[in-house]
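Some notes on the structure that comes next.
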């Protein structure tokens, strides 16, 4: 290994494209390659197996990181507190993982003396933007390249290169889908799904079972402390364990399947299939607890902010000043989001049927219509008159001026 050569840090998955990219980058740029593999709960091969493959494919160093707890604690939990759903449906599966992967890319680049970071994204997707904006937000002195986008590494070229050089990686021209997954969910696109009229087939799904033929209903109680799940059915859990357990239980019931056409950051509309059983169940439960514990105006304003927060994360602004300010507001709203939510998982749905909290704003004696009602109904008449005063005055003015009010 020569000390004078510049180095490139490559986000490495262990698959065909990034394995070929190790040698390809070397040939195209003359630089040594250091790979970085980050475990965010995607499953599959052991990190040590991936590390050794990178070295066998020509990497001069291979950095691996088990970031599952980090991802769950520092990325998924803020998204849960924000009830983050892009365009009202997508729980930001891929968008959340890119900043944590980028953080480890930058860390490795600093450690191994690299000035350039590489990723395997194409020029049509969101992830190229997410990686590069996150990297330059943390390390504005670093450059970013994409072998696929910038160095003409197409899939056919990758297969031919791997076979010619005898790389220890499986090569096949038949791969109908592009798949990205982590503990928060799974994203599937391309192939026959690009025809919007085609329904997803059974082989698309891995995290969820068919909700058409579900097992018996599964009732679960989730305990939250300041917006974070800390116990399931009375058993203490970490955020990672909470997601994993609900992935299993909600996934068995087919919860969390999403089929949508979304607006990509680069301006393309894209058909995406998502599976996020744990994320969907947790967000549903968290929203239910917030409806009991947040003050009305705070709750209303937070709902508006949640949409913007999700858009910022989707659009590569995890490290933006606006998101940082919004994080502070959202964190403050979680002070009293503590209690239990009971929900039934069945047939593709997660339905809340019980709420229990010592920090809520629900008052049984005010809400009841039975004896024991403490609400002073005599106050309502004056409230209505004051509340409707402006509308009454405006209507009277229109009548006085002879305007058609449309009623």
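Numbering (the UniProt record's numbering), first residue to last: 1 to 407.
Built from N, CA and C at the ideal position, the CB exists for glycine as well.
Under the three-state reduction of DSSP, residue 73 is assigned to helix.
In this structure residue 36 is in contact with residue 105, their Cβ atoms being roughly 5 Å apart against a cut-off of 8 Å. The DSSP-derived three-state label of residue 277 is helix. Fewer than three beta-carbon pairs drawn from the stretch 219–239 and the stretch 146–154 are found closer than 8 Å, and the two stretches are therefore not classed as touching. One alpha carbon belongs to residue 199, the other to residue 193, and they sit about 7 Å apart.
According to the DSSP assignment, residue 116 belongs to no alpha helix (DSSP H) but to the beta strand (DSSP E) extending over 116–118.
With a 10 Å radius around the Cβ and a threshold of 16 neighbouring Cβ atoms, residue 268 comes out exposed. Leaving aside the five residues that flank residue 89 on each side, the residues in its chain whose CB is nearer than 7 Å to its CB run, in chain order, 258, 260.
For residue 145, the enclosing beta strand (DSSP E) begins and ends at 143–145. Between residue 314 and residue 95 the beta-carbon gap is near 5 Å, inside 8 Å, which marks them as a contact.
If you draw a straight line from the Cα of residue 385 to the Cα of residue 407, it comes to about 21 Å. One thing to note: residue 241 has its Cβ no nearer than 7 Å to the Cβ of residue 338. With 16 or more other CB atoms across the displayed protein chains lying within 10 angstroms of its CB, residue 181 is buried. Partner residues in the beta bridge of residue 7, as assigned by DSSP, are 32. In the DSSP assignment, residue 249 falls within the unbroken alpha helix (DSSP H) covering 239–252.
The beta-carbon distance between residue 395 and residue 343, rounded to whole angstroms, is 45 Å. This is too long to meet the 8 Å contact definition. DSSP, reduced to helix, strand and coil, places residue 224 within a strand of the structure shown. When beta bridges are read from the DSSP output, residue 179 appears opposite 188. DSSP, reduced to helix, strand and coil, places residue 341 within a strand of the structure shown. Judged by their CB atoms, residue 277 and residue 387 are not nearer to each other than the 7 Å cut-off. The straight-line gap separating the alpha-carbon atoms of residue 238 and residue 375 is approximately 41 Å.
One alpha carbon belongs to residue 274, the other to residue 331, and they sit about 27 Å apart.
In this chain, the beta strand (DSSP E) harbouring residue 258 covers 257–263.
When the five nearest sequence neighbours on each side are left out, the beta carbons in the same chain lying within less than 8 Å of the beta carbon of residue 53 are those of 14, 19, 168, 169, in order along the chain. Note that the C-beta distance between residue 187 and residue 266 is not below 7 Å.
Taking 7 Å as the cut-off, the Cβ atoms of residue 9 and residue 114 count as close. By alpha-carbon distance to residue 264, the top candidate from 373, 212, 38, 87 is 87.
Every alpha helix (DSSP H) of 4 residues or more that sits fully in the stretch 311–364 is shown, in chain order, as 321–333.
Separation of the CB atoms of residue 158 and residue 17 is rounded to 5 Å, and the pair is thereby assigned contact status at 8 Å.
Under DSSP, residue 202 shares a beta bridge with no residue. Secondary structure remark: continuous beta strand (DSSP E) runs of at least 3 residues inside the stretch 50–133, in chain order: 61–66, 116–118. The residue among 58, 183, 162 with its C-alpha nearest the C-alpha of residue 42 is 183.
By the Cβ neighbour-count rule, residue 391 is exposed, with fewer than 16 other Cβ atoms within 10 Å of its own.
Around the Cβ of residue 367, a 10 Å sphere holds fewer than 16 other Cβ atoms; the residue is exposed. In this structure, the straight-line span from the alpha carbon of residue 349 to that of residue 254 is close to 8 Å. Within the same chain, and ignoring the five residues on either side of residue 210 in sequence, the residues whose Cβ sits closer than 8 Å to its Cβ are 202, 254.
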